[in-house]
Amino acid sequence: MKNFTFFLFVFLIGFADVFAQATFSTGQIDVNVSTYGRIRLLTTGDQVRHLQRASALVGVGPNAVWDYQNDADVEVPTTLVSNPQLSDYEITGSYNNAYSGLSPDVLVNYNVYGWNNTKYMILKMTIKNRETSAINAKIGLDIIPELDQTYGNDTVTYLLANGIIRFHRGGARNMGVKLLSHNLHSLISFEWFSGYTVDTNYWNWLNYGSIQNQYPSGVEGPVTIPSQSFVNLNPNDSITVFYAFAIGENESEIIAAISEAQTKYSTVLSVDNKISEIPTGYSLEQNYPNPFNPNTKIQFSVSKAQSVSLKVFDVLGNEIATLVNEELTPGIYEYNFDASNLSSGVYYYKLQSGSYSETKKMILMR
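FYI, in mature numbering (1 follows the signal peptide of the UniProt record, and there is no 0) the residues of the sequence shown are -22 to -1, 1 to 344.
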């Protein structure tokens, strides 16, 4: 655990960051995720840091906000995926509240995606309620910019036309952040101060309730808290949230990069609800085409709002890919599975939701 003397604390955190972090480079930006879920962005080559930290926030009350600094502990270690299915690079990790043991009891799962020669990455956060009763959760991020590895005198501007949170120091280096999967409900920035990471502060900022158009910071630099509307999660239910992050030399570059990320999210990462009718039960259809090379479509039906997983396994039962792992509303869905990184052979895909489970076979033939 993290609760020892100060010096041992520092030593262990440093040790953990060395051995349990994961990093990938797109050729334009480097993305690093630490032991407990801190995300950093750097430019490739010069290794200059521009994002000191982005991390998840899950609030259910003024004295109950899950955050990286005070609550996060490791459930599944931060790992660079060796054979990503949806992107060129992927980092995964799961973080619980075991460090503090305080409410809310949630599991925060990261999938961080990157693609070759791009200036953006996409963060997928899946938040699962592990409490014994329902929670009404306010989900957001804690963002500390560090443009050109320097603190202070940044400006945070909300680009209304694009829905982008822009961090900039004059017209020079820019960073952009956008909530892709939901509407942005609240946005506030404030001057960094020591000890700001307490539940009552986080709760107030998550519930700021409007969009702050611009914040010019002083010498300490800004902290920015975006959040979406409340979501009600029953025990064991989950919600998936997507954010895009981009680095650029100017405003035009981050707008272009975030636009690319939006397209990638819409075409690759989001499962498509093909038919609006509500099915009477769960079902998993045979993939089509089958055999396939390298793409195939998997259609399935969900009859009630519940956490749904769709996973791919090899013939030995090893999990190859998680295609869906989120709460879905009732409907008929279709997933485009890209097996470009897999070798020819027999694979199995499994749909699971509550007590329902079904598995089917598919053949990749090159």
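Here a beta-carbon is modelled for each residue, glycine too, at the ideal position from N, C-alpha and C.
Closest by C-alpha distance to residue i, when choosing among the options
{"i": "Leu137", "options": "Leu80, Glu312, Glu229 and Arg16", "result": "Glu229"}
{"i": "Glu53", "options": "Tyr14, Lys282, Ser33 and Val36", "result": "Tyr14"}
{"i": "Glu109", "options": "Trp44, Asp177, Tyr186 and Gln192", "result": "Trp44"}
{"i": "Val197", "options": "Ala76, Tyr129 and Ser318", "result": "Tyr129"}
{"i": "Tyr88", "options": "Tyr98, Ser188 and Met103", "result": "Met103"}
{"i": "Ile341", "options": "Asp316, Gln330 and Asp66", "result": "Asp316"}
{"i": "Gly323", "options": "Phe291, Gln330, Val36 and Asn314", "result": "Phe291"}
{"i": "Gly259", "options": "Thr4, Ser3 and Gln330", "result": "Gln330"}
{"i": "Gly187", "options": "Pro194, Ser195 and His163", "result": "His163"}
Nearest-angstrom beta carbon gap, residue j and residue i [assumed within contact, 8 Å]
{"i": "Leu114", "j": "Asn210", "result": "The identity of residue 114 in the sequence shown is Asn, whereas the question assumes Leu. With 8 Å as the limit, Asn114 and Asn210 qualify as a contact, their Cβ atoms being about 5 Å apart."}
{"i": "residue 351", "j": "Ser281", "result": "In this structure the chain extends from -22 to 344, so residue 351 is not present and cannot be described."}
Beta-carbon gap between residue i and residue j smaller than 8 Å
{"i": "Ile310", "j": "Pro267", "result": "no"}
{"i": "Lys328", "j": "Ser321", "result": "no"}
{"i": "Asn132", "j": "Arg144", "result": "Note that residue 132 is Asp in the sequence shown here, rather than Asn. Contact: no."}
{"i": "Phe168", "j": "Val201", "result": "yes"}
{"i": "Gln63", "j": "Ala299", "result": "yes"}
{"i": "Pro40", "j": "Asp126", "result": "no"}
{"i": "residue 356", "j": "Asp120", "result": "The requested residue 356 does not occur in the structure, where the chain is confined to residues -22 to 344."}
{"i": "Asp51", "j": "Leu80", "result": "no"}
{"i": "Asn95", "j": "Gly173", "result": "no"}
{"i": "Tyr193", "j": "Val155", "result": "no"}
Alpha carbon of residue i to alpha carbon of residue j, nearest angstrom
{"i": "Ile217", "j": "Ser207", "result": "12 Å"}
{"i": "Tyr180", "j": "Ser237", "result": "29 Å"}
{"i": "Tyr325", "j": "Leu20", "result": "37 Å"}
{"i": "Asp8", "j": "Phe220", "result": "19 Å"}
{"i": "Ala235", "j": "Ala139", "result": "15 Å"}
{"i": "Gln240", "j": "Val90", "result": "15 Å"}
{"i": "Asn152", "j": "Ile225", "result": "6 Å"}
{"i": "Val11", "j": "Tyr73", "result": "12 Å"}
{"i": "Gly(-9)", "j": "Gln(-2)", "result": "For Gly(-9), the pLDDT reaches just 44, beneath the cut-off of 50, and the residue's location in the model is therefore unreliable, although a value from the coordinates is still provided. The straight-line gap from Cα to Cα measures roughly 10 Å."}
{"i": "Leu58", "j": "Gly92", "result": "11 Å"}
{"i": "Asn185", "j": "Met343", "result": "52 Å"}
{"i": "Phe270", "j": "Glu263", "result": "15 Å"}
{"i": "Leu157", "j": "Lys242", "result": "14 Å"}
{"i": "Gly149", "j": "Gly199", "result": "17 Å"}
At 3 residues or longer, what runs of the beta strand (DSSP E) sit wholly inside the segment 45 to 78? 51 to 58 and 67 to 74
Please go through the segment 164 to 201 and give each complete alpha helix (DSSP H) segment of 4 or more residues, from N-terminal end onward. Listed in chain order, the complete alpha helix (DSSP H) runs (minimum 4 residues) inside the segment 164 to 201 are 177 to 184.
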